[in-house]
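Presented below is the structure to which this report refers.
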């Protein structure tokens, strides 16, 4: 057992570990994949790693409300007593800045002159539905009947527990943004927005690469959002009280399906 | 180096709770562990280097071991009926979903200690390999090894198919074939 704990793996196995969770650099991923496909042993080992990653990273168990309240009790008033005076001076201007940013988003969405950005798309992905939910495509059960910029919206109901619950379309500065809303098993709600035209600006935050696609993680108030570029168009998934991990699992599942189905054709994903 | 901001710690609560559950194997113990970890961290002003979540992982691990040591010194008594909790007291959760999360996290809790720590750091808390190595005082390559083997065990435990025979199924081993 001691050896098992301390021995380090040879490069291939270490790379399988990273390949499975998307942390291997894209150029090395591209080199490695054909070699793995030639070996049933490596293919099985990779599949095993990927299965575990998917299972573990999709866990979305929030902390119980009682624990949150207890922790808030620890971080709230106690923390404010410890906050240095110089930092307190920034609290009010900070709140004002956040309010101004929120107002800016509203102005953009409701007819301002700016081009749409990722936060604007996210704002729409968190807004109310104005159209009924699209159905599942009878000839392609992985997708819904609705497409935007040639990209079909995924059907996540059967295997991932996110059922389409509505849709909306908006035009911001001449750019069409189509959104489908999904409701999860526990009543959580997310929106998946696809914007026509060139990739949007306003992408700030940490990014992770999965299957050669870069996903950017951002916060918008209490909501989490993930954006990426597919077929040259910006896709955004956003939700309140839904973890990055859960959103990323959905986004990567969608991209992975797309990557597999389009492997023979010209790549439609923006590889980095 | 920077001062740890107590008000920003709440954003890590959900991830830390799942990590604690995966360490303890029980939801109730996880709640206690998280609360104690926060209480310790907030007991005095802290200056941290690098990632906040990595710092919390280290604090969680230290608190976990500290609780284990304390528990081992205490006389052991069996649980009474009053100690028993329903499977999931929150009505908003789907029972099958809660059971699935619980099964997975409890399986992680059964892993050997080093495997479990690596897997919790990277796959549950979302640390990079480098951050995990720093938080767990190990080399990055060692973290990768432990992670590979931990995932292998978890995947096999939840696989519908029995493990095939052959050199690749020896527990803890990697595939024999090398890559160029």
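Protein chains in written order, with the working numbering: chain A, 1 to 272; chain B, 1 to 180.
Built from N, CA and C at the ideal position, the CB exists for glycine as well.
Residue i at chain A interface by Cβ criterion, 7 Å
i: residue 48 of chain B; result: no
i: residue 143 of chain B; result: no
i: residue 38 of chain B; result: yes
i: residue 18 of chain B; result: yes
i: residue 4 of chain B; result: no
i: residue 70 of chain B; result: no
i: residue 10 of chain B; result: yes
i: residue 14 of chain B; result: yes
i: residue 35 of chain B; result: yes
i: residue 55 of chain B; result: no
i: residue 85 of chain B; result: Here residue 85 of chain B scores only 41 on pLDDT, less than 50, and its place in the model should not be relied on; the value that follows carries that caveat. No, because no Cβ of chain A sits closer than 7 Å to the Cβ of residue 85 of chain B.
i: residue 7 of chain B; result: yes
i: residue 138 of chain B; result: no
Counted within 10 angstroms of its Cβ, other Cβ atoms place residue i as buried (16 or more) or exposed
i: residue 103 of chain B; result: exposed
i: residue 128 of chain A; result: exposed
i: residue 47 of chain B; result: exposed
i: residue 8 of chain B; result: exposed
i: residue 92 of chain B; result: Confidence is the limiting factor: at residue 92 of chain B the pLDDT is only 39, short of 50, which leaves the residue's position unreliable, though a coordinate-based value still follows. Counting Cβ neighbours within 10 Å, residue 92 of chain B comes out exposed, since fewer than 16 surround it.
i: residue 170 of chain A; result: buried
i: residue 35 of chain B; result: buried
i: residue 198 of chain A; result: exposed
i: residue 114 of chain B; result: buried
i: residue 21 of chain A; result: buried
i: residue 181 of chain B; result: The question about residue 181 of chain B has no answer here: the residues shown for chain B are numbered 1 through 180.
i: residue 1 of chain B; result: exposed
i: residue 71 of chain B; result: exposed
i: residue 30 of chain B; result: buried
i: residue 130 of chain B; result: exposed
i: residue 12 of chain A; result: buried
Pair within 7 Å by beta-carbon distance, residue i and residue j
i: residue 237 of chain A; j: residue 251 of chain A; result: yes
i: residue 217 of chain A; j: residue 205 of chain A; result: yes
i: residue 62 of chain A; j: residue 14 of chain B; result: yes
i: residue 59 of chain A; j: residue 101 of chain B; result: yes
i: residue 54 of chain B; j: residue 75 of chain A; result: no
i: residue 143 of chain B; j: residue 132 of chain B; result: yes
i: residue 135 of chain B; j: residue 58 of chain B; result: yes
i: residue 150 of chain B; j: residue 119 of chain B; result: yes
i: residue 175 of chain A; j: residue 130 of chain A; result: no
i: residue 119 of chain A; j: residue 172 of chain A; result: no
i: residue 177 of chain A; j: residue 247 of chain A; result: no
i: residue 165 of chain A; j: residue 147 of chain A; result: no
i: residue 16 of chain B; j: residue 42 of chain B; result: no
i: residue 239 of chain A; j: residue 190 of chain A; result: yes
i: residue 122 of chain A; j: residue 225 of chain A; result: yes
i: residue 145 of chain A; j: residue 135 of chain A; result: yes
i: residue 155 of chain A; j: residue 142 of chain A; result: yes
i: residue 108 of chain B; j: residue 19 of chain B; result: no
i: residue 152 of chain B; j: residue 48 of chain A; result: yes
Proximity test, Cβ basis, 7 Å: residue i and chain B
i: residue 144 of chain A; result: no
i: residue 57 of chain A; result: yes
i: residue 217 of chain A; result: no
i: residue 163 of chain A; result: no
i: residue 160 of chain A; result: no
i: residue 52 of chain A; result: yes
i: residue 29 of chain A; result: no
i: residue 126 of chain A; result: no
i: residue 225 of chain A; result: no
i: residue 267 of chain A; result: With a pLDDT of only 29 at residue 267 of chain A, under 50, the local geometry of the prediction cannot be trusted, and the value read off the model is given with reservation. Taking Cβ atoms only, chain B never reaches closer than 7 Å to residue 267 of chain A, which makes this a no.
i: residue 75 of chain A; result: yes
i: residue 140 of chain A; result: no
Residue i, enclosing beta strand (DSSP E) - first and last residue
i: residue 228 of chain A; result: 223-230
i: residue 172 of chain A; result: 163-172
i: residue 153 of chain A; result: 151-154
i: residue 123 of chain A; result: That residue, residue 123 of chain A, is in no beta strand (DSSP E); its alpha helix (DSSP H) goes 118-125.
i: residue 208 of chain A; result: 206-210
i: residue 239 of chain A; result: 233-240
i: residue 9 of chain B; result: Segment: none, residue 9 of chain B is in no beta strand (DSSP E) and carries neither H nor E.
i: residue 148 of chain A; result: 143-148
Run of the alpha helix (DSSP H) containing residue i, from where it starts to where it stops
i: residue 190 of chain A; result: Not the alpha helix (DSSP H): residue 190 of chain A falls in the beta strand (DSSP E), residues 189-195.
i: residue 29 of chain A; result: 26-37
i: residue 157 of chain B; result: 140-157
i: residue 35 of chain B; result: 27-41
i: residue 46 of chain A; result: 40-57
i: residue 75 of chain A; result: 65-75
i: residue 160 of chain A; result: 157-160
Where residue i meets chain C, residues with beta-carbon distance less than 8 Å
i: residue 129 of chain B; result: In the structure shown, chain C does not exist; the protein chains are A and B.
- Query: Got a sec: which bits of the stretch 61-72 of chain A sit with their beta carbon under 7 Å from any beta carbon on chain B, in order along the chain?
  - Reply: 61, 62, 63, 64, 67, 68, 70, 71 and 72
- Could you name the residues of the stretch 12-23 of chain A whose beta carbon sits closer than 8 Å to any beta carbon of chain B, in the order they occur along the chain? 12, 13, 14, 15, 16, 17, 18, 20, 21 and 23
- Item | Contacting positions in the stretch 100-126 of chain B - beta carbon closer than 8 Å to chain A | 101, 104, 105, 108, 112, 114, 115, 119, 122, 123, 124 and 126
- Check each residue of the stretch 198-215 of chain A: if its Cβ is closer than 7 Å to any Cβ of chain B, include it; give the result in chain order. none
- Item | Contact residues within the stretch 238-256 of chain A, judged by C-beta distance below 9 Å to chain B | 243, 244 and 245
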